[in-house]
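Just below is one structure, and these are the notes that go with it.
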Amino acid sequence: MPELPEVETIKNDLKSNVIRKKIVSVDLGKPRIVKNRGSEFKKQLVGNEFIDISRIGKLLIISLKRGGLLLLVHLKMTGQLIYCHQGKYVAGGHSLPKLGSSLPNKYSHVIFKFTDNSKLFFNDLRQFGYLQLIKRGDLKKVTNNYGIEPLQFNFKPERLAEIFKKRTAPVKSLLLNQKLIAGIGNIYADEVLFAAGVLPDRQAKSLSNKEVKKIFVASQKIIALAIKHRGTTFNDYVDADGNVGSFVKFLKVYGRQGKTCFRCGATVKKTKVAGRGTHFCPECQK
DNA sequence: CTTTCTGTTAGAAA
DNA sequence: ATTTCTAACAGAAA
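First residue of the first sequence? That's 680 in the working numbering, and the numbers climb one at a time after it.
Structural data, given as structure tokens:
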């Protein structure tokens, strides 16, 4: 689940819950999840506080009060960041544990405990995600690997056209390339291309200005809508306030292979493009 | 049982 | 320089 809208949701939820709480302990169940030495990681974090949380693409950036450090958190495919206070869960990842189930579970690889006895769990079934402490001064090296975001003020159709120009790769693989455009993952790439009426395996350089513009508009619309609906996709997530976020009901092609296209009635197909499962309507998308 | 698939991406190979 | 493929891992589905 964690693409830009999901990470944005997690960031906002965490901001209203863990900021300025003192960390009293850090448990490392699976030390390799943390890219730093375990002893150094604990030493820097215990007694410290999270003072701000931001995001670039799908990467969370947590500012620490002391030490001039930043904590980077990437959830990759199955990572979760779940805050638990007095039995209530807030924020998430690809799916939250069922309500009533308890944490930690067997996938809780890093656990932060705060002075008010609340906890922040980093869970990850496949263990692709990671946490990493870096010096503030090294942030630039990290952000250099990220391209423009769909909702960034200076993202324009011309910019997208520039990215597509001269490239022979399928348009979908460019939408997924974080160095070019940050935040779009497999679900939203398919949804954006459906909304734009463009086949995922079209060579980027073959797209007309009109098609580029449609992809531009669709990317902004869909990412904004997904954020509005808390980006929730395949889960039964309910947050502490009882709000259900479910972007899954807006999905037009993702996971709908074999079903009827909402727009034209043709059968939605699934193939592989750029090594990823790819869903599209062969009638609506050209 | 084995094989294939899965929301990511760094890094190698082509 | 760009594009494609694979590995990292665990578990569900076929």
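The C-beta atom is built at its ideal place from N, Cα and C for all residues, glycine as well. In this text, all values refer to a predicted model and were calculated from it rather than measured experimentally.
Under the assumption that residue i contacts residue j (Cβ atoms under 8 Å), give the Cβ distance between them as a whole number of angstroms.
| i | j | result |
| --- | --- | --- |
| G826 | I860 | 5 Å |
| V705 | V725 | 6 Å |
| L782 | F807 | The Cβ separation is near 20 Å, so there is no contact. |
| V877 | K889 | With a Cβ gap of about 10 Å, V877 and K889 do not count as contacting. |
| K798 | L739 | Rounded, the Cβ-Cβ distance is 17 Å, inconsistent with contact. |
| E728 | K744 | 4 Å |
| V891 | F843 | 6 Å |
| T757 | R805 | 5 Å |
| K737 | V686 | 5 Å |
| L869 | V932 | The amino acid at residue 869 is misidentified as Leu; the sequence shows Asp. Indeed they touch by this definition, with Cβ atoms about 5 Å apart. |
Which residue or residues does DSSP assign as beta-bridge partners of residue i?
| i | result |
| --- | --- |
| L748 | K814 |
| G956 | K951 |
| I764 | The sequence shown places His at residue 764, not Ile. Note: H764 sits in a beta bridge opposite K767. |
| Y809 | H753 |
| K858 | In the DSSP output, where bridge partners are listed per residue, K858 has none listed. |
| K792 | S704, K798 |
| P849 | Q882 |
| G934 | DSSP, once it has assigned bridges, lists no residue as partnering G934. |
| G758 | D803 |
| S898 | In DSSP, S898 forms no bridge with anything. |
| I827 | I860 |
| T939 | T946 |
| S787 | N802 |
Restricting to Cα atoms, I'd like to know which of the options is closest to residue i.
| i | options | result |
| --- | --- | --- |
| N784 | R815, G708, P849 | G708 |
| Y809 | K755, Y768, T847, K798 | K755 |
| Q811 | Y786, Y762, E728, Q723 | Q723 |
| K694 | V703, E719, I732 | I732 |
| V927 | Q759, G954, H908 | H908 |
| V713 | R734, A848, D803 | D803 |
| H788 | K700, F941, I698, Q759 | Q759 |
| R699 | R711, S742, K767, G736 | S742 |
| F941 | D692, F929, R881 | F929 |
| Q936 | K721, L750, K949 | K949 |
| K951 | Y768, L748, A945, S852 | S852 |
| N856 | K965, L748, R716, R955 | R955 |
| H764 | R734, K819, V697 | V697 |
| V821 | A840, L750, Q964, V850 | L750 |
| L748 | K701, I730, A945 | I730 |
| S898 | G717, Y786, T688, L854 | L854 |
| A945 | A953, C963, G934 | C963 |
| T847 | V703, A953, K965, I761 | A953 |
| G746 | K767, I735, K721 | K721 |
Practice item. Would you check if there are 3 or more beta carbon pairs closer than 8 Å linking the segment 879–887 to the segment 900–909? Key: Note that the segment 879–887 does not touch the segment 900–909; fewer than 3 beta-carbon pairs, one per stretch, sit closer than 8 Å.
Review point. Three or more beta-carbon pairs under 8 Å between the segment 682–697 and the segment 852–867, yes or no?
Key: Contact between the segment 682–697 and the segment 852–867 is present, because at least three Cβ pairs lie under 8 Å.
Review point. Where are the alpha helix (DSSP H) runs, 4 residues long or more, that stay fully inside the segment 691–754, in chain order?
Key: With a minimum length of 4 residues, the continuous alpha helix (DSSP H) runs that stay inside the segment 691–754 are 717–724.
Review point. With a cut-off of 8 Å, do at least 3 Cβ pairs link the segment 824–839 to the segment 791–800?
Key: Under the 8 Å Cβ criterion, the segment 824–839 does not count as touching the segment 791–800, having fewer than three qualifying pairs.
Check your understanding: Are at least three pairs of beta-carbons, each pair with one atom in the segment 831–844 and one in the segment 812–822, less than 8 Å apart?
Key -> Pairwise C-beta distances place the segment 831–844 out of contact with the segment 812–822, as fewer than three of them are shorter than 8 Å.
Check your understanding: Given 8 Å as the limit, is there contact between the segment 869–878 and the segment 947–965, that is, 3 or more CB pairs closer than that?
Key -> Judged by Cβ distances under 8 Å, the segment 869–878 makes contact with the segment 947–965, as three or more pairs qualify.
Exercise for review: Quick one: which unbroken alpha helix (DSSP H) runs of 4-plus residues sit fully inside the segment 869–893? Chain order, please.
Suggested key: The segment 869–893 contains no whole alpha helix (DSSP H) run of 4 or more residues.
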